[in-house]
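Chemist: Per our numbering, the sequence shown starts with residue 143, numbered consecutively. Before we start, here is the structure in question, set down as structure tokens.
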Amino acid sequence: MCGIFGCLLSEGVVAPLIHEALLRLEYRGYDSVGIATVFDGGLFVKKDRGRIGVVHEELDLDDLPGSVGIGHTRWATHGAPTRENSHPHLDCSGRVAVVHNGIIDNFLDLKRELVDGGHVFSSLTDTEVVPHLIEDFLGRGLGFVESCRAAVRRLEGSFALAMVFSGEPGLVVCARNESPLVVGVSERAVYVSSDIPALLPLTSRVVYVENGEMVVLSGGRVVIRRLSDWGIVGRDFVDVSWTFEMAQKQGYPHFMLKEIYEQPLCLRNAVRLQDDYLDLLTRFLDRSKQIYLLACGTSYNACFAASYMFSSLCNLSTVPVIASEFIERYGEAVNIESTILAVSQSGETADVLHAIEYARFKAATILGLTNTIGSTLTRVSRAYLCQQSGPEIGVAASKTFSSQIMVLAQLALRLAKLRGKVSQAKIDELELKIEGIPGIVAEVLESQAEKVRLLVEKYRDRSCFFFLGRGISSATALEGRLKLLEISYIPSISYPAGESKHGAISLIDSGFPVIFVCPAGGSRRVLLGNIMELKARGAHVIAIVDEGDEEVKGLVDDFVCVPGGVPSLLSPIPYVVPLQLFAYYMAVSRGCDPDKPRNLAKSVTVL
Ligand code: AGP
């Protein structure tokens, strides 16, 4: 997720205004920054790796001529944070500049076509295909707006784009598909931004751009057109009454709630991984004799879930291990035949990096899955994948957990395919189900959030909760427990349901709340027995359950539904959502700050 901004001033110098706007978008990404302005028939660009303040110190981002320009603050998804990979990106002639938020699925095909056509690329990003496409169409005699339209119609994937051309200086052209884009207008200027925060000090009059639309900003005018038939869209401007802080949260009261609701988009991005990287990691895994899934906290819970996937799909036993325990527990066993798949959203968790350093010393192969390109984990890994969730501001992980599961599921499926462990029919079915998961998560958010909030009102005074599941759902239960305890400070316990009768069940007395994660399939039948065992001892049972499961609904005190048809191996993704919401609403109802829980840091960089 990145932040883009564009502006066309009626008079004056636009660079300082863009610079300030990017600072207000920095929460969307901050590993590199750049600005391009158009003036006197030329294009002027300043960009580099680093946070805005640092780059400004070095380059003086305000010192660019002209009253028309675009800017970008980056969260890397394709290509490490370097000067070459920072936006804006230019065409060969240096007359077209483009900034982009999103992921272009077909960029490799487009890049091959453009390179074959003589274009020279200077970055590893997906974005850079856009200015070269525009240049191609300009070369065929189209005007700038028509060239932008023709270029954008070649793109597949998610994008919010802002584009300028020194040959037609009075224009900023924008386009949107999935990634957010909003236009603002004031007496002195027209603006385009990834979202509201950058606009607020400049104007409160905005209009939202929808998918498949292109916007032409010129001399105080805003024209929105459909990319498909070029028809003009008549949409009114609205007045936004958000405070700046609310705007950064896009109207949500907390970043955590915003990030819970961002999951459908993030999951779509997690499915847009580059095949080459997925295949590379799969080949490394395939030749491994022993695979350790190394992580902490929520990322460990994702690894725990992944161990069920690798076992079920690939007949491969992997060892999920808490990073701080790795050396003492497996240090003597690690050797050149070992592979460490380290999962870390921040890519900077000290426990993980310390364990990796030891494993590298023992000649193990290090692979990485992270949300932060350019992090230490990406530098110490032989190969890595980026989950493409965008910055997660809330200390408690939410969208990054579901995206990690989505990536790990794709890895397990590729490995199963490579090893011939599952039929093509099964592969096709699971790939179809994976594609449908973002929509299912959106449906859970849409239909169950209010029910979860009411459940919190009912159980808000309880002093302890059990989270139980069987099979892969024991990982989902672990994550639900971690969420509740870390943001609402309620002691919570999680066990594989079958294990609870070997001790923990002694805690159960009348009214004790137990949350069961109970998807269809898998080990649901035996889970029914566990539910009855606890009911018989007076527990109040809340089930996260398949919407069609009348049997479980009839057995429990309360339930929250998830749409049917979710394979149990993918169930942690939609089934964790009610647990995330439960933790969030419980924290708020208890007066806790879900974004900044006490004693915790977003990235634990100490051992
Ligand atoms: C998650 O809600 C916690 N804040 C924490 O457990 C976190 O998952 C853990 O510190 C690992 O972080 P990482 O994924 O950045 O390595």
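Each residue gets a CB set at the ideal place from its N, CA and C atoms; glycine is no exception.
1. Measure the C-alpha to C-alpha separation of residue 524 and residue 635 and round it to an integer number of angstroms.
2. Here's the rule: buried if 16 or more other CB atoms are within 10 angstroms of the residue's CB, otherwise exposed. What is residue 652?
3. Could you work out which residue in 686, 323 and 468 is closest to residue 590 when comparing CA atoms only?
4. Note the first and the last residue of the continuous alpha helix (DSSP H) segment covering residue 274.
5. With a threshold of 8 Å, are at least 3 pairs of Cβ atoms found where one atom belongs to the segment 177–185 and the other to the segment 216–224?
6. Assuming contact is defined by CB atoms lying nearer than 8 Å, are residue 312 and residue 210 in contact in what I supplied?
7. Please tell me whether, using a cut-off of 7 Å, the distance from the CB of residue 439 to the nearest non-hydrogen atom of ligand 1 is below it.
8. Please report the residue range of the beta strand (DSSP E) in which residue 701 lies.
9. If you pair each beta-carbon of the segment 332–341 with each one of the segment 186–204, do three or more pairs fall below 8 Å?
10. Going by the beta-carbon positions, is the gap between residue 753 and residue 452 smaller than 8 Å?
11. Could you check the C-alpha separation between residue 673 and residue 712 for me, to the nearest Å?
12. Rounding to the nearest angstrom, what Cα-Cα distance links residue 440 and residue 503 in this structure?
13. To the nearest angstrom, how far is the alpha carbon of residue 660 from that of residue 701?
14. Beta carbon of residue 549: closer than 7 Å to some heavy atom of ligand 1?
15. Could you tell me which residues DSSP pairs with residue 644 in its beta bridges?
16. Give the DSSP-derived three-state secondary structure of residue 253 in the structure shown.
17. Since residue 462 is in the alpha helix (DSSP H), which residue starts that stretch and which ends it?
18. Pop quiz: residue 705 and residue 585 are said to be a contact at Cβ under 8 Å. What is the actual Cβ separation, rounded to whole angstroms?
19. List the whole-angstrom C-beta distance separating residue 612 from residue 697, where the pair is believed to meet the contact cut-off of C-beta under 8 Å.
20. Take every Cβ of the segment 326–333, pair it with every Cβ of the segment 257–270, and state whether three or more of those distances are shorter than 8 Å.
21. Going by beta carbon distance, what residues of the same chain come within less than 8 Å of residue 153, once the five residues before and after it are set aside?
22. Would you say the beta carbon of residue 624 comes nearer than 7 Å to a heavy atom of ligand 1?
23. Give the DSSP-derived three-state secondary structure of residue 696 in the structure shown.
24. I need the DSSP call for residue 541, collapsed to helix, strand or coil.
25. Sorted by chain position, which residues of the same chain lie with C-beta nearer than 6 Å to residue 458's C-beta, five sequence neighbours on each side aside?
26. Closer than 6 Å by C-beta to residue 744: which residues in its own chain qualify, once you throw out the five before and the five after it? Chain order, please.
27. Within 7 Å: the Cβ of residue 592 and any heavy atom of ligand 1?
28. Output the residue ranges of the beta strand (DSSP E) runs that lie fully inside the segment 496–565 and measure 3 residues or longer, sorted by chain position.
29. Tell me where the alpha helix (DSSP H) around residue 722 begins and ends.
30. Give the single residue among 438, 577 and 432 whose Cα lies nearest to the Cα of residue 506.
31. Confirm, please, whether the CB-CB distance from residue 309 to residue 237 is below 8 Å.
32. With DSSP as the reference, please indicate the residues paired to residue 435 in a beta bridge.
33. In three-state terms, what does DSSP make of residue 636?
34. For a quick check, are the C-beta atoms of residue 299 and residue 244 less than 8 Å apart?
35. Quick check on this structure: which residue in 508, 455 and 366 has the alpha carbon closest to the alpha carbon of residue 480?
36. For residue 305, which three-state DSSP category applies?
Modeler: With the structure as the only source:
1. Locating residue 524 in the sequence shown gives position 382, where the first residue counts as 1. Locating residue 635 in the sequence shown gives position 493, where the first residue counts as 1. When rounded, the distance between both Cα atoms is 37 Å.
2. As a first step, residue 652 must be located in the sequence shown, where it is residue number 510. The residue is exposed, with fewer than 16 neighbouring Cβ atoms inside 10 Å.
3. Position 448 of the sequence shown holds residue 590. Measuring from the Cα of residue 590, the nearest candidate turns out to be 686.
4. One-based indexing of the sequence shown puts residue 274 at position 132. Looking at the DSSP string, the run of the alpha helix (DSSP H) that includes residue 274 is 271–281.
5. no
6. By 1-based counting over the sequence shown, the position of residue 312 is 170. By 1-based counting over the sequence shown, the position of residue 210 is 68. Against a cut-off of 8 Å, the Cβ pair of residue 210 and residue 312 comes out as a contact.
7. The residue given as residue 439 occupies position 297 in the sequence shown. Yes, ligand 1 has a heavy atom inside 7 Å of this Cβ.
8. Position 559 of the sequence shown, counted from the first residue, corresponds to residue 701. Unbroken beta strand (DSSP E) run through residue 701: 700–704.
9. no
10. Because the chain is modelled from 143 through 749, residue 753 falls outside the range shown and cannot be assessed.
11. Within the sequence shown, residue 673 is the residue found at index 531, counting from 1. Within the sequence shown, residue 712 is the residue found at index 570, counting from 1. In a straight line, the C-alpha of residue 673 is about 22 Å away from that of residue 712.
12. Start at 1 with the first residue of the sequence shown, and residue 440 comes out as number 298. Start at 1 with the first residue of the sequence shown, and residue 503 comes out as number 361. Distance between the alpha carbons of residue 440 and residue 503 is about 27 Å.
13. Against the sequence shown, residue 660 aligns to sequence position 518. Against the sequence shown, residue 701 aligns to sequence position 559. Roughly 10 Å separates the two Cα atoms.
14. For the purposes of this step, residue 549 is taken as the residue at position 407 of the sequence shown. Outside the cutoff, so no.
15. As a working mapping, residue 644 is identified with position 502 in the sequence shown. Partner(s): none; residue 644 has no beta bridge.
16. Start at 1 with the first residue of the sequence shown, and residue 253 comes out as number 111. If DSSP states are grouped into helix, strand and coil, residue 253 belongs with the helices.
17. Numbered from 1 along the sequence shown, position 320 holds the residue referred to as residue 462. Careful: residue 462 lies outside any alpha helix (DSSP H), inside the beta strand (DSSP E) at 460–464.
18. Taking the sequence shown and counting its residues from 1, the one referred to as residue 705 is at position 563. Taking the sequence shown and counting its residues from 1, the one referred to as residue 585 is at position 443. At roughly 5 Å, the Cβ-Cβ gap stays under 8 Å, so residue 705 and residue 585 are in contact.
19. To locate residue 612, count along the sequence shown from 1; it is residue 470. To locate residue 697, count along the sequence shown from 1; it is residue 555. With a Cβ gap of about 15 Å, residue 612 and residue 697 do not count as contacting.
20. no
21. Translated into the one-based positions of the sequence shown, residue 153 becomes position 11. Closer than 8 Å at Cβ, skipping near neighbours: 209 and 330.
22. Counted from its first residue, the sequence shown places residue 624 at position 482. Yes.
23. Your numbering for residue 696 matches position 554 in the sequence shown. If DSSP states are grouped into helix, strand and coil, residue 696 belongs with the helices.
24. Here residue 541 refers to the residue found at position 399 of the sequence shown. Correct three-state label for residue 541: helix.
25. Along the sequence shown, read from residue 1 onward, the residue named residue 458 stands at position 316. 452, listed in sequence order.
26. Residue 744 sits at position 602 when you count from the first residue of the sequence shown. Closer than 6 Å at the Cβ level, and outside the excluded window around residue 744, lie 537.
27. Within the sequence shown, residue 592 is the residue found at index 450, counting from 1. It does not: the Cβ of residue 592 is nowhere closer than 7 Å to a heavy atom of ligand 1.
28. 507–512 and 525–528
29. Here the question's residue 722 lines up with position 580 in the sequence shown. Note, residue 722: alpha helix (DSSP H), 714–731.
30. Here residue 506 refers to the residue found at position 364 of the sequence shown. Checking every option, the nearest Cα to that of residue 506 belongs to 432.
31. Start at 1 with the first residue of the sequence shown, and residue 237 comes out as number 95. Start at 1 with the first residue of the sequence shown, and residue 309 comes out as number 167. In this structure, residue 309 lies closer than 8 Å to residue 237 by Cβ.
32. Indexing the sequence shown from 1 puts residue 435 at position 293. Note: residue 435 sits in a beta bridge opposite 462 and 483.
33. If you number the sequence shown from 1, residue 636 lands on position 494. Residue 636 falls in the strand class under three-state DSSP.
34. Start at 1 with the first residue of the sequence shown, and residue 299 comes out as number 157. Start at 1 with the first residue of the sequence shown, and residue 244 comes out as number 102. Yes. Within cutoff.
35. Residue numbering aside, residue 480 sits at position 338 when the sequence shown is read from its first letter. Checked all of 508, 455 and 366; the closest Cα to residue 480 is 508.
36. As a position in the sequence shown, residue 305 is number 163, starting the count at 1. Strand at residue 305.
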